[in-house]
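What follows is a single structure, written as structure tokens, with notes after it.
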Ligand code: NI
């Protein structure tokens, strides 16, 4: 399931991120890639221990914590500290799959986590650069994603994906992974659709007794399918 979450960052947060990242110290992105993906990865990235990555990462995690759509779609258990990348001057990232397990080295001892979901949060608007589409392949085919600044896309960590060459301007983004309370993408999708339907019904017929039953079904499915 691909989920577009709009307006994760407000205008002032976005402006702060963009200003700080314009003067950031970009390193070769191959440093954090696995063996296969390093062969096809051509971009710039902030070092994981760069203080700016910590500062902006915290801002992003705080924004996610107050976003109900993100929470409903991802059901996050553990979120990897956000990383930052930039593509410019023809840079791209060929087709690859993300590592299944990442180690959060900001914790001691390093905390292993399963990458159930991948996240890309865009800092540049689509008209600021050419190319730079995130292309995600799943059983329905290839999906081309290029979102407004401040929006994010959630997609299964299991999917093959690539970023097409940026032929004008610069594409700056944050990317990270999360381990979900619900490992199965199919089960997570059912929960999200049920949650969205319950929220919509609540807005139309608040107080309907069936809403109590449906909410019970939601929580009982979550109880059955989650790992905490
Ligand atoms: Ni990737």
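Numbering (this note's numbering), first residue to last: 87 to 314.
Glycine is no exception: its CB is placed at the ideal position from the N, C-alpha and C atoms.
Computed from a prediction, not measured in an experiment: that's the story for all the values here.
If distances are taken between C-alpha atoms only, which option among 242, 217, 241 comes closest to residue 232? 217
Does ligand 1 have even one heavy atom less than 6 Å from the beta-carbon of residue 237? It does not: the Cβ of residue 237 is nowhere closer than 6 Å to a heavy atom of ligand 1.
For residue 184, is the beta carbon positioned less than 6 Å from some heavy atom of ligand 1? yes
Straight-line gap, residue 252 to residue 215 (C-alpha atoms, nearest Å): 7 Å
For residue 153, the nearest candidate out of 202, 195, 91 (CA to CA): 91
So what does residue 190 bridge to, in DSSP terms? Beta-bridge pairing links residue 190 to 197.
Those residues which DSSP pairs with residue 131 across a bridge: 113, 171
Below 8 Å, how does it come out for the segment 145 to 160 and the segment 264 to 279: are there three or more Cβ pairs, yes or no? yes
Residue 224, enclosing beta strand (DSSP E) - first and last residue: 220 to 224
Decide if residue 43 is buried, meaning its Cβ has at least 16 other Cβ atoms within 10 Å, or exposed. In the structure as shown, the chain begins at 87 and stops at 314. Residue 43 is therefore absent and cannot be evaluated.
Distance between beta carbons of residue 235 and residue 100, contact taken as under 8 Å: 6 Å
So, does the segment 119 to 130 touch the segment 176 to 187, judging by three or more C-beta pairs under 8 Å? Taking one beta carbon from each stretch, the segment 119 to 130 and the segment 176 to 187 have 3 or more pairs nearer than 8 Å; the two touch.
Any idea what DSSP makes of residue 152, helix, strand or coil? Note: residue 152 maps to coil in three-state DSSP.
Flag this pair as yes or no: are the beta carbons of residue 257 and residue 210 separated by less than 7 Å? yes
Can you round the beta-carbon distance between residue 274 and residue 313 to whole angstroms, since I take them to be within the 8 Å contact cut? Actually they are not in contact, since the Cβ atoms of residue 274 and residue 313 sit about 12 Å apart, beyond 8 Å.
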